[in-house]
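So the structure is just underneath, and the comments pick up after that.
2 protein chains.
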Amino acid sequence: MDVRVQIFDRLLEVAVLLQHDLGRSLGALGLTTARAHLLWELHRLGPSTQRDLAAELRVSPRNVTGLVDAVEAAGFAERRSHPSDRRATLVVLTEHGRSTMEQMERDHERAAEQLCGDLDTDQLEDFARTLDTVAERLRQLVAATATTPPRDA
Amino acid sequence: MDVRVQIFDRLLEVAVLLQHDLGRSLGALGLTTARAHLLWELHRLGPSTQRDLAAELRVSPRNVTGLVDAVEAAGFAERRSHPSDRRATLVVLTEHGRSTMEQMERDHERAAEQLCGDLDTDQLEDFARTLDTVAERLRQLVAATATTPPRDA
DNA sequence: TATTGTTATACTCTATAACTATA
DNA sequence: TATAGTTATAGAGTATAACAATA
């Protein structure tokens, strides 16, 4: 089999396995994958409007309403009024949300250690470089097709 | 940031992006991710009991009932009686299911070409080797935690 | 008694469309 | 007129628990 296809299929497998493993460890924090993803972006970007979160997560604005409802009810984040646009809502992490994201960062470090802990550092740096290239292609691919939904040309 | 953590986070991002991209191309075939995954395993394993499919997909037997209902209604697969165990059901691909899986293989080849088409072959072989190692660790990790659900020791 | 698949029930993620308040 | 978020509605994936048929 072509090495490219082998890589693609292996990436697919890793995606499925990561989802399973993550789901489990997130459950221990009282989170689902979708909610953790939202909180993660909030942690990364700081206070954000729901509109921005929808774009970042590539889901519908309606979906964000539900996710924010859930993380707000569980005390991970809060809605604040936007200072200059009264239509908009700012979503911000609570202290509980912030410390949970820090825990998640530690969990990632532990998982990263388990996955490639005793591999050679040079080897890992080559791997990371190629992975970055592939991820960038994939980002472009998704962006290109996302803006061309039906397309009958 | 540690290169291991960088790799882990990038793998997570790739998982999310792949899911988005796959979802789109599967829609064109009249499939969802979960149903395509079931048909893919059927293509890979040949006729299988629902029990085996549940284990392979790491979902509940009840879930498989619903997925098989859906792919059967859409003509991708059929239920057959098991020759030696009257409790069990064999799920088999129809001709339509088989040709759809072949189309999906071709789609994978095209996607693989787009993701790493013009990268150096030696570089890709190193990448594939490390990716295989990481995938194997992940498989072990998932298997280890899957068999120890609550665990209060 | 254990196993295969199903019915019953419930929760979550996701989407589109219509609506309200604001820009 | 356009935008931010919500209510309404619907489909899909997932899980556990109880049950029937069979091993």
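If you're matching them up, the sequences are chains A and B in order. Every number in my numbering is 66 more than the matching position in the first sequence, counting from 1. Every number in my numbering is 66 more than the matching position in the second sequence, counting from 1. The C-beta atom is built at its ideal place from N, Cα and C for all residues, glycine as well.
{"Query": "Step through the CB atoms of chain B and report whether any lies within less than 9 Å of the CB of Glu107/A.", "Result": "no"}
{"Query": "From Ala206/B to His86/A, what distance separates their C-alpha atoms?", "Result": "Before going on, a small fix: residue 206/B reads as Gln here, not Ala. So the alpha carbons of these two residues sit roughly 12 Å apart."}
{"Query": "Rounded to the nearest angstrom, how far is the Cβ of Gln180/A from that of Arg124/B, given a contact under 8 Å?", "Result": "Not confirmed; about 19 Å, so no contact."}
{"Query": "Taking the CB atoms as reference points, tell me whether Val158/A and Glu144/A lie closer together than 9 Å.", "Result": "yes"}
{"Query": "Skipping 5 residues on each side, what residues in its chain have a beta carbon closer than 8 Å to that of Arg164/A?", "Result": "His109"}
{"Query": "Rounded to a whole number of angstroms, what is the C-alpha to C-alpha distance between Asp68/A and Ala154/B?", "Result": "37 Å"}
{"Query": "Is DSSP giving Val71/B helix, strand or coil here?", "Result": "helix"}
{"Query": "Would Gln169/A be called buried (16 or more neighbouring beta carbons within 10 Å of its own) or exposed?", "Result": "exposed"}
{"Query": "Is it buried or exposed for Leu102/A, if we count other Cβ within 10 angstroms and need 16 for buried?", "Result": "One point to set straight first is that residue 102/A is Ala, not Leu, in the sequence displayed. Ala102/A is buried by the Cβ-count criterion."}
{"Query": "If I measure Cβ to Cβ from His148/B and keep anything under 8 Å in the same chain, skipping five residues before and after, which residues do I get?", "Result": "Thr115, Ala154, Thr155, Leu156"}
{"Query": "For the beta strand (DSSP E) holding Ser147/A, just list the boundary residues, first then last.", "Result": "143-147"}
{"Query": "Thinking C-alpha only, which one of Thr196/A, Arg70/A, Gly96/A, Glu107/A is nearest Leu77/B?", "Result": "Thr196/A"}
{"Query": "On the CB-based measure, 16 or more other CB atoms within 10 Å of its CB, does Leu190/A come out buried or exposed?", "Result": "buried"}
{"Query": "Mapping the DSSP letters down to three states, classify Leu156/B as helix, strand or coil.", "Result": "strand"}
{"Query": "Asp134/B: which of Trp106/B, Asp151/B, Arg152/B, Leu92/B sits nearest, CA to CA?", "Result": "One point to set straight first is that residue 134/B is Val, not Asp, in the sequence displayed. Nearest option by C-alpha distance: Trp106/B."}
{"Query": "If you run the structure through DSSP and keep just helix, strand and coil, what is Ser165/A?", "Result": "helix"}
{"Query": "Compare the beta carbon distance of Gly57/A and Thr160/A with 9 Å and say whether it is the shorter of the two.", "Result": "In this structure chain A extends from 67 to 219, so residue 57/A is not present and cannot be described."}
{"Query": "In chain order, what residues of the stretch 78-89 of chain A put their CB closer than 8 Å to some CB of chain B?", "Result": "Leu78, Glu79, Val80, Ala81, Val82, Leu83, Leu84, Gln85, His86, Asp87, Leu88"}
{"Query": "Name the one or two DSSP bridge partners that Ser114/B has.", "Result": "Val157/B"}
{"Query": "Note down, in chain order, each residue of its chain lying with its Cβ closer than 6 Å to the Cβ of Ala120/A, except the 5 sequence neighbours on either side.", "Result": "Pro127, Val130"}
{"Query": "Whose CA, out of Gly112/B, Val208/B, Gly183/B, lies closest to the CA of Met167/B?", "Result": "Gly112/B"}
{"Query": "Pick from Asp184/A, Thr187/A, His174/A, Thr199/A: whose alpha carbon is nearest that of Asp184/B?", "Result": "Thr199/A"}
{"Query": "Between Gly183/A and chain B, is the shortest Cβ-Cβ distance under 9 Å, so that the two count as touching?", "Result": "yes"}
{"Query": "Can a CB atom of chain A be found closer than 9 Å to the CB of Gln180/B?", "Result": "yes"}
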